[in-house]
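Trainee: Quick note on numbering: the sequence shown equals residues 145 to 340 in the numbering used here.
Sending over a structure as structure tokens; questions will come in a sec.
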Amino acid sequence: MASHKQQTLIQAIKEDHREINDYYDQFVQASGNPDAQERWARQLTWEVARHAVGEEIVVYPLMEKCLGKEGVELADKDRADHTTVKKQLYELESLTPGSEGHANLLQSIITTLRKHIEDEEKNDLPKLESAIGEDGSVEAASKFMRTKQFVPTRAHPSAPDKPPFETFAGFLAAPLDKLKDAFSKFPTEEMKSKVK
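What follows is the structure in structure tokens.
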């Protein structure tokens with residue numbers, strides 16, 4: 145098994161998926177506490193935005209390259225899922241944390257995400273890992289994790305979702321997102337430590 149430093153692509157993506165689910169669970173547990181819900185919703189949005197763009201820049205082009213026509217179909221379906229979630233996350237930012245509308249929309253988002261996650265983990269990623277082998281998977285995981293450090297941290301549903309335009313748009317949006325993040329509420333380190 146690859147070490148944490150050399151994790152495979154499926155391990156890196158599953159780790160993100162687990163964190164996304166954990167953040168939603170924390171949001172639900174914070175019911176009645178709008179401040180905590182706002183923090184967990186922001187953390188979830190932040191992770192989903194980075195994760196989605198990382199997949200769109202690294203994983204989906206690799207699927208298209210290595211899995212042929214099936215890879216193109218899988219990547220197109222996954223991009224469509226991402227677009228749906230990005231639109232919902234963008235709408236979520238206009239709603240008040242703690243409100244019924246905010247909670248209902250976030251529940252709809254996580255329902256969509258969980259179906260997407262299941263499809264990726266059971267179908268798409270095993271096929272891709274089989275095609276690229278362990279060394280290719282470790283290399284792809286490294287690129288995926290590195291890419292997440294430079295991409296937008298908020299949903300941009302109107303941005304292109306295929307390289308090279310997606311990459312360019314992401315790099316333009318990222319600094320503004322990071323500026324907004326500086327003035328946003330996120331879970332404290334103490335709150336996060338209770339999740340781990």
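Even glycine gets a Cβ: it sits at the ideal position worked out from N, Cα and C.
Please read these numbers as outputs of a predicted model, since none were measured by experiment.
Can you tell me which of 291, 185, 171 and 284 puts its alpha carbon nearest to the alpha carbon of residue 232?
Mentor: For the purposes of this step, residue 232 is taken as the residue at position 88 of the sequence shown. Comparing Cα positions, the closest option is 185.
Trainee: Hey, how far is the Cα of residue 152 from the Cα of residue 159?
Mentor: Along the sequence shown, one-based indexing puts residue 152 at 8. Along the sequence shown, one-based indexing puts residue 159 at 15. Taking the straight line from one Cα to the other gives about 11 angstroms.
Trainee: Grab the span of the alpha helix (DSSP H) containing residue 235 for me, first residue to last.
Mentor: If you number the sequence shown from 1, residue 235 lands on position 91. Element bounds for residue 235: 204-236.
Trainee: Measuring only the C-alpha atoms, how far is residue 180 from residue 192?
Mentor: In the sequence shown, the residue the question calls residue 180 occupies position 36. In the sequence shown, the residue the question calls residue 192 occupies position 48. Their backbone Cα atoms lie some 18 angstroms apart in a straight line.
Trainee: May I ask you to report which of helix, strand or coil DSSP gives residue 176?
Mentor: The residue you call residue 176 lines up with position 32 of the sequence shown. Looking at residue 176 - three-state DSSP - the assignment turns out to be coil, as it is neither helix nor strand.
Trainee: Express the C-alpha separation of residue 272 and residue 205 in angstroms, rounding to a whole number.
Mentor: Residue 205 sits at position 61 when you count from the first residue of the sequence shown. Residue 272 sits at position 128 when you count from the first residue of the sequence shown. Whole-angstrom Cα-Cα distance: 11 angstroms.
Trainee: Are the stretch 199-218 and the stretch 261-276 in contact at 8 angstroms, needing three or more beta carbon pairs?
Mentor: With a cut-off of 8 angstroms, the stretch 261-276 and the stretch 199-218 count as touching, because enough Cβ pairs lie within range.
Trainee: Please report the straight-line C-alpha distance between residue 200 and residue 189, rounded to a whole angstrom.
Mentor: Taking the sequence shown and counting its residues from 1, one reaches residue 200 at position 56. Taking the sequence shown and counting its residues from 1, one reaches residue 189 at position 45. Between residue 200 and residue 189, the C-alpha separation is close to 16 angstroms.
Trainee: Can you find the residues in the same chain that come closer than 6 angstroms, C-beta to C-beta, to residue 225, ignoring five residues on each side of it along the sequence?
Mentor: On the sequence shown, position 81 is the one that residue 225 refers to. Closer than 6 angstroms at Cβ, skipping near neighbours: 260.
Trainee: Put residue 312 into one of helix, strand or coil per three-state DSSP.
Mentor: Reading the sequence shown from its first residue, position 168 is the one you call residue 312. In this prediction, residue 312 has a pLDDT of 47, which is less than 50 and means its spatial position is unreliable; what the coordinates show is noted afterwards. In the structure shown, residue 312 sits in a helix (DSSP, three-state: H, G or I).
Trainee: What's the gap between the Cα of residue 245 and the Cα of residue 162?
Mentor: As a working mapping, residue 245 is identified with position 101 in the sequence shown. As a working mapping, residue 162 is identified with position 18 in the sequence shown. So the two alpha carbons sit approximately 25 angstroms from each other.
Trainee: Express the C-alpha separation of residue 267 and residue 312 in angstroms, rounding to a whole number.
Mentor: On the sequence shown, position 168 is the one that residue 312 refers to. On the sequence shown, position 123 is the one that residue 267 refers to. Residue placement at residue 312 cannot be trusted, given a pLDDT of 47 that sits under 50; what the coordinates show is reported in the next sentence. If I take the Cα positions, the gap works out to 29 angstroms.
Trainee: Which residues mark the beginning and the end of the alpha helix (DSSP H) in which residue 282 is found?
Mentor: On the sequence shown, position 138 is the one that residue 282 refers to. Looking at the DSSP string, the run of the alpha helix (DSSP H) that includes residue 282 is 269-292.
Trainee: Under three-state DSSP, which class holds residue 151?
Mentor: Taking the first residue of the sequence shown as 1, we reach residue 151 at position 7. Coil at residue 151, not helix or strand.
Trainee: To the nearest angstrom, report how far apart residue 167 and residue 334 are at their CA atoms.
Mentor: Within the sequence shown, numbered from 1, the residue matching residue 167 stands at position 23. Within the sequence shown, numbered from 1, the residue matching residue 334 stands at position 190. Residue 167 and residue 334: Cα-Cα distance of roughly 14 angstroms.
Trainee: Residue 198 and residue 291 - do their beta-carbons sit closer together than 9 angstroms?
Mentor: Mapped onto the sequence shown, residue 291 falls at position 147. Mapped onto the sequence shown, residue 198 falls at position 54. In contact: residue 291 and residue 198 (Cβ atoms closer than 9 angstroms).
Trainee: Under DSSP, the alpha helix (DSSP H) around residue 239 begins and ends at which residues?
Mentor: Numbered from its first residue, the sequence shown carries residue 239 at position 95. Where residue 239 is concerned, there is no enclosing alpha helix (DSSP H), given that its DSSP letter is neither H nor E.
Trainee: For residue 203 versus residue 164, is the C-beta spacing smaller than 9 angstroms?
Mentor: Counting from 1 along the sequence shown, the entry for residue 203 is found at position 59. Counting from 1 along the sequence shown, the entry for residue 164 is found at position 20. No, they are not a contact pair.
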